[in-house]
Structures are given as structure tokens and as C-alpha cells.
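Protein chains in written order, with our numbering: chain R, 3 to 188; chain W, 862 to 1100; chain X, 172 to 606. The structure under discussion appears below in the form of C-alpha cells.
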Amino acid sequence: MPDPPGLELIAQGIEEGRQGTVIETSMEHGRATLIVNPDGILHALTWLRDTPEQGYRFLSSLHAADYLPATPRFAVHYELLSRERIERVNVKALLVDPAAGDETNGADPVEKLPELDSCVALYPTADFQEREAYDFFGIVFRGHPDLRRIAMPEDYVGWPQRRDFPIGGEPVLFTHNEIEAPRWFE
Amino acid sequence: MEVERESLRARQLRARDLLRGDLEGRDLEEYVEERLLTTTLENVLNWGRSNAIFPMTFGLACCAIEQISLVTSRYDIARFGAEAFRATPRQADLLILSGRVSIKMAPVVRRVYDQMLEPRWVMAMGACSSSGGMFANYAVVQGADKFMPVDIHVPGCPPRPEAVLHGLNKLQKLIRGQPDLGWRQRYNAVGTEEWARFEEGKPTKEALERAAAAIRVAKPTAPSPHMPAGEAEDMGDDV
Amino acid sequence: MADEILRDEGDITERGVERVTEDPSAPLVDLTAEIAERELEGPGLEPEQEVLTINVGPHHPATHGVLRLIVTLQGERVIELKPVMGYLHTGIEKSCEDKSYWKVIPFVERMDYLSYFFQMEAFCGCVERLVELEIPPRAQYLRVLHMELDRIMSHLVWLGTTALDIGAISMLWYCFRERDTILDLFEMSAGQRMHTRYFQVGGVFEDIPAGFERKVRDFLALMPSRIDQYEALLDRNEIFLHRTRAVGIVPRERLLELGVTGPLLRAAGEPWDLRKSPGYLSYGDFDFKIPVGTVGDGYDRYRVRLQEMRESLRIIEQVLDGLPEGPWIADDRKYVLPPRDELSTSMEALIHHFKLVTEGYRVPPGELYYPIESPRGELGCFVLADGSSKPARVHFRDPSFVNLQSLRDMSVGGLIADLIQNLGMLDPIIGGVDR
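Shown next as C-alpha cells:
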């Protein structure tokens, strides 16, 4: 992991290229995190990959997380790895849920989904992983060649791994709640 | 039923008579009855079917690995005649559904099951295919019997290969027409399956209590090895 | 039927034309000109130029699990390949959000169902780093021991099933014979053959029983000769060589772009192994080598995995030789159950036990990504903790999921028989792909 001064230098380098990209840096449990503005994500990733001293050319993992009830609600994490120096850095793009505060209560037929630029051109490994983030969280990656569901059936409605999506399943029937399910044995 | 064994000499003499054509009438009939096994065609067919099951390779998840180790030499399924795993449903008898059935996979399983020819059986191997297992969520069908008739469930996560073989044995008995009732037979509790028989199609607490009171668990016929002698009589109806 | 699939999946052949022309790593057979000059639909097509789209799976004897491949063929050559996943999606990651950290461990085991110890280590290691809990050295050694046994077991299953797919059917019985020996060891230490729930946050659940070490040493004495037998059967086998040599080659740079790790990457010549760089647990104490291939074809992948089995045996031997005495789980009662004999004497222990069992331990807010080297590549666990006793997000970066992206590069331009073999050499475990 880059040490705190190294992390600050990285943040400065990214900021030089495009102002307002890096919102925050943090170092937690030995993990260096750069919190970036979603508009500047491609710039940040390109800088990290192409700058000769950095060279984070391996994308270990691209995953999304839902921080409900905090805002901004979604974050897409990019775990970057530099194999020459064996250093990892995490880039986190925070996304606001556009459907939050929706007074119409879902009356709008087109669902408003958070959007982010796709980094498949930079890191081809992001192909399946961005599809997975789309499938489970509804995060649309602009520029992805083939953004569709990957694990759920094609016609599934809903974004399963969002925090407000119910976990589903059936209640387990015990003797105390048997009577609520008439003729359950049929 | 004890067959009285005649002395060896007497049997030899009767065999000699048969070969000479000297046995007649009642003697001949008795001789033949003692030695021939007569049965109905259906029994023979069922015996053949049970001993030559062609399972289908339908491994879905972790239970599939235990299913593969069933085929291998330690837990040899070939002892029971079921080593010919067929990949095509047209040639398979038994669908061993090993693993969790996700909602995307359920129509596929059903389609494969429909393509199987009669007679066919289904074994739900493992907790996930029997009842959804530990995954009570949006993605797993809570038990294969939601969309498919299942003949035998084998619990476990994953079940040991011996458990699957035990299930296979029970299935074989079922095929032969002598289903192994297990604990229901031991405790003489036949008829407990749908014990809540409701009137007017609506369950009420009184109906349930009445049905419960109507069940009598019979005293064990043989003294249990776990009870010290003399205490078997003390087990009353409140067991 | 072919028309339906073409229409549903958005006209694969059209896309096939584009990808083939602008793909920098050109396939072995350049069909661009031929495809461009013919019409691909309609009855005016001659039989030998026809393009056939077939559906391989999800129920298929050769796919390692329920993976569906939509393959576009021209004769026997694969010109396009699309994997369709999700037939084993179990919602494990979502279920984990509903369970206390302790209960997540059995869920997380069942993702990649051949490397259950690795998944346990990824999760437990991540949580241990989040709560900053040190695990005692004996626990570290025991974890390494079980993980290396699991690695051997996973490679044995891989070898058995892949050889079965290629046609060397008797390998299945030999490999599973050794696998049963390993599972006996797991049963001895953890109580169950598969999905043992042995690793807990803080160490391992229980100490190894007496006699375990001797049994492991017996296994170590037995295994090298068995690996020699596998090599004798397959290494110079003409059919095996013809089938695996020069098949499924993807250049190393392309593999790195695709995020492929593990034996696939090492077979292509890149010595990248997380056990060495940077290392975790107590792997730094052991002396072992990383087998690396040259070309990256099927034969190299086979050799790399066999050699990894041998290296794992070396590691296990060093673990046993250096196994330190001491506790097998950390002492911090906030996260680890107190030993049972204390429950009847100490009130505090009882309270800790009660809190841990009913509510579970709370992890302070934070998030962490912890990668380890599983038999298939980099297995990373991301845990987002929000301060309660249940994780807010558990995500696994599964190696099979990412490695599957390279299947297209491996198979396009080759024969369909090679596709099956590439799938075997890729070693995907669909439980990990779908989670």
C-alpha cells in the first residue's frame, strides 16, 4: 500500500490533470482509498494506470456497495494493483441515487438509475464485473458494450443487492405458525 | 415359515424319482413349488428396474462433488447397479438433483425432467434441493418439490456419500413396491402424515387438538435396547 | 431454433464480424473476409459455409457445473462464444447481510465449493483485519495446513474431471481416491468432509486431534508416488499431448488485461502468486517455489497445477515440522467464544458466550478488501461493516468469474472439442461464478 505521503502525492497528481476529481483520501487498516467524483473516474483511473511511477495496471476487483441510509448512497470500488511494487490502491466513486427524494413514488415509468462511465476500455477485466454491478445495484455504466443482467434472469425486475430490496424466501413453518398457512401440506 | 428339511437321503430319492418320471400328482406339484420362485411380471420388472437404475448427471453445486465421489471406488455406486450415469434424459431413470436450484435454473430442470421417459424417479440430494437448504432468499427455489415431484429426499449439506447410498437403497425398495416406512413402522405411527385433517377446509385450533388426541403412539413391541429391563412397561400414553 | 437465438441475443453474427476485425489479438483463423462477403442468413447459403449457433448447457456433462455457452460455429470452428451465467446464483452475498458475522462463515464457504477453506480464510482474514485481531501462530499454521490440503484436493478434482472430459476416464477414479484420503483428514480435524466451518474469526475452531499429524504424514508419504502415477499416465501420453499442446493460448498481456490470475496466468509465464507477493498468514515462514509455464496452452496449465500439488505437499511438511504449540484461537473474548470449561466457573465468560451466540460480535464501521490465493486465482473478500453485528455488504471477487472472461479469447478460432478442453483447463467452479 502506498504510505500516506505517497497517497497524497497520488491525489495531487490526479488533481493536476483535472480539478475536483479527488474528494478525499483515507488510509484505513492499511488500505489506501481515494474517494473520487464520479465524473472524473476515467481520468483518475487513466492517470493511475498510465503514469510511469504509478503503473496500477491490474484491476483486481470492481464492485459496488450500497451505503443506505448514508448519502451518497452507492459507491463503486476499484481495487487497483501494481504488480511491480505489490501495492494496492482503492478508488471509490460515490454515486447519488437519483430516485431518492422522488415525490411521485415511482410513477415515472423510466426508472432513474445512477450512472457512471465504464472503464472497459481501460481495463477489459471490468466487463463482467460491471455487468454484475448493474445487475445487482442498477448502476448503469455508460459506454459498456453489452450491459445486461448477468446472474439474474434476463426479465427480472428489481436490483437484488440494494439494501432496501427484501431478502425474499419463505417463512420456515414451525408448529407455532402452521395455523397461519391453511392446508400448507397440499 | 420354516421349511422342514428332509434328510439328505430322502431328498436324493425324490430327485431320482423326478428324473425317472416317477413323481406324479401331488408329489410333483409339491416338488415344483418348493423349488421354483413364482412371481408376477410386475415384480420382476420392478426388481430389474431397481437394480439397474441409470442416474442422470445433474450436478448443480457442492452436492455434485459428493455425487461424483459416489461413482468412485470408495463409495462405489456400481454395487447397486447404478454406475451408468447417463447425460441424456432420454436414457436416464433417476434424476439426482444435487445442489441448490436457483430461479433461473428451475425451468431448465423441469424441462429436463419432462424429457425423461417413464418410469422415472427423482432424488433430491441435499438440503438445498429438498427444501432450499440454508438459502432462504430471493434466488433459490425453496425445494425442488415446488415444481417437480420428488420421490426421495436425502438430507445433509452435503450428504455423505453413504447417506446418498442409503437413500438409493430406500428408493430401490420403493421401486420394488415395498416402501420402507422407517420410523413410522417402528413406532406404529402410520397415518400421521396428514394428521391435521380439517373439517370444512379450514384449520381450527380445536380440529388440530382433536386430531392430535386421536393419535396413539403404540408401545414398542420389543423391549428397547436403551431401556433397562423392567422399565418398558412404565412408558404410558403420554410419551 | 438458431434464428430464435440469433434474434434474442442481438444478432451474434453481426457482432462477430465487428469483434473479429477490430480485435487486436487476431484469432488463429481469419474469417473476416469470408464472413464479410457472404450473406449469413437466408436459404442462399451453401452447406459448408453455414453458421450454426448452438447452445452448450446449462445441463451438459462437460461443463463444470451449470454454465451455458452460446457458441457460433462454422463447421467445427468456433467463431463466437458467449457465456451465460446465473444458473447457480444463490444470493449468498445478500443472505450474508442478514446474518451475524459468525453465521456468515458457512454461507461464504459454499460459494466456490471446492475451495471452502480459502473462502473462510478470505472472510475471516478480512474481519480480523477490520477488528485488528491478531491470530496466534499455531492458528496461522493450522490454517495454512488446511488451505494447502484444500488446494491439493481442488487440483485433484480438477484433474479428475478435466481428464474425464478430455477422454482419460480412469483418472477420475485415481484422483478421487486421493481426494477421499484428504477428506478423511478434514473429517478428522473438523468433523465434516466438505464445508467444515473450521476457520473462525480469531483462529480455528478446534485444535487438531491426536493422531492427525501422523495421518497427515502418512498422506505426505503416499502422495508423491501418486502424483508420479498421474504424470506417468498423462505427461507423455500421445493423445493427451495432441489435445492439449498449443490449444487455448492467450498472450500473457491479454490475460493480465482480462484480470486472470492463478494457474492460468502462471502457465503463461507470469510468476504472480499472492502467497509470495505479498504473502499473508505465515506463508513467509515456508520455503516453496511457484511453478511457472512458458506458453500458456493446456499442457502448461496441466503441468503447473500438478507441480503446485507437489509444492503444496512441501508446504504441508514444513507446517508440520514447525507447528508451534499454543492456543489455536485468539484470546479476545469480545470476538471469540470462551472455552467451555470456563462457562461453569466464570460469570464473565458466560456473559461473553451469551452475547456472542445470541447477538454476535460487533465490528466497528469500516470496509476492507482482503485478497488471497485460491486454487483458481485471486480470491478477494470485501466486507463493509457498519458497526452492527451483521455485515452491511460482503462481496467476493471470485477468480472463476473473472477468469471466465478469457474463455472467449481462448476458444474463438479453435475447434469445438478444444472449447470443452479449454473450459476444463480454465477450471471454473460455477458456484464461485454465480455466487
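Note that beta-carbon positions come from the ideal geometry of N, C-alpha and C, so glycine has one too.
By the rule that beta-carbons nearer than 8 Å mark a contact, residue 54 of chain R does not touch chain X. By the neighbour-count criterion, in which a residue is buried when 16 or more other Cβ atoms sit within 10 angstroms of its Cβ, residue 28 of chain R is exposed. In the DSSP assignment, residue 982 of chain W is bridged to W/955. At least one CB atom of chain X sits nearer than 8 Å to the CB of residue 933 of chain W.
For residue 170 of chain R, the chain W residues whose Cβ falls inside 7 Å of its Cβ are 998, 999, in order along the chain. Among the residues facing chain X, residue 67 of chain R is included, as its CB has a counterpart in that chain under 8 Å away. Between residue 986 of chain W and residue 946 of chain W, the beta carbon gap of about 13 Å keeps them out of contact (Cβ cut-off 8 Å).
With a contact defined as Cβ atoms closer than 8 Å, residue 39 of chain R and residue 15 of chain R miss out at about 16 Å. Comparing C-alpha distances from residue 998 of chain W to each of R/84, R/100, R/170, R/51 shows the shortest one belongs to R/170. For residue 27 of chain R, the uninterrupted beta strand (DSSP E) segment begins and ends at 24–30.
In the structure shown, residue 541 of chain X adopts extended strand secondary structure according to DSSP, grouped into three states. Contact annotation: in the region 250–262 of chain X, residues whose CB is within less than 7 Å of a CB in chain W are 257, 258, 259, 260, 261, 262.
Leaving aside the five residues that flank residue 45 of chain R on each side, the residues in its chain whose CB is nearer than 8 Å to its CB run, in chain order, 16, 19, 20, 23. By the C-beta density criterion, residue 334 of chain X is buried, having at least 16 other C-beta atoms within 10 angstroms. As a beta-bridge residue in DSSP terms, residue 67 of chain R pairs with R/77. Those residues of the region 914–933 of chain W placed with their C-beta closer than 9 Å to a C-beta in chain R do not exist. In this structure, residue 309 of chain X places its C-beta atom within 8 Å of the C-beta atom of residue 496 of chain X. When Cβ pairs closer than 8 Å are counted between the two stretches, the region 448–466 of chain X is seen not to touch the region 356–376 of chain X, the count staying below three.
If one requires a minimum length of 4 residues, the alpha helix (DSSP H) runs lying completely within the region 224–284 of chain X are 263–267, 272–280, in chain order.
Between residue 479 of chain X and residue 498 of chain X, the C-beta gap is not smaller than 8 Å, which leaves the two residues out of contact. For residue 375 of chain X, the pairing in a beta bridge is given by DSSP as X/370. Per DSSP, the unbroken alpha helix (DSSP H) holding residue 603 of chain X starts and ends at 601–605. For residue 913 of chain W, the CB contacts under 6 Å within the same chain, skipping 5 residues up- and downstream, are 942 in chain order. Listed in chain order, the non-local C-beta contacts of residue 1036 of chain W below 6 Å within the same chain comprise 907, 910, 911, local neighbours out to five positions each way being set aside.
Excluding sequence positions up to five before and after residue 533 of chain X, its CB lies within less than 7 Å of the CB of 558, 559, 560, all in the same chain and listed in chain order. Three or more Cβ pairs closer than 8 Å define a contact, and the region 929–943 of chain W falls short of that threshold against the region 274–284 of chain X. With respect to residue 563 of chain X, residue 555 of chain X sits close: the two C-beta atoms are nearer than 8 Å. Contacts between residue 9 of chain R and chain X, judged by CB atoms closer than 9 Å, are missing: the closest CB pair is about 16 Å apart. Residues of chain W with a Cβ closer than 8 Å to the Cβ of residue 174 of chain R are, in chain order, 997. Taken in chain order, the members of the region 961–975 of chain W whose beta-carbon sits within less than 7 Å of a beta-carbon on chain X are 961, 963, 965, 966, 969, 973. At a Cβ-Cβ threshold of 8 Å, residue 427 of chain X and residue 577 of chain X do not count as neighbours.
Among the bridge pairs identified by DSSP, residue 549 of chain X is matched with X/544.
Non-local beta-carbon contacts of residue 1017 of chain W in its own chain, meaning distances under 7 Å to residues more than five positions away in sequence, involve 987, 988, 1024 in chain order.
Residue environment for residue 1000 of chain W: buried (at least 16 other C-beta atoms within 10 angstroms of its C-beta). Taking the C-beta atoms as reference points, residue 224 of chain X is found nearer than 8 Å to residue 241 of chain X.
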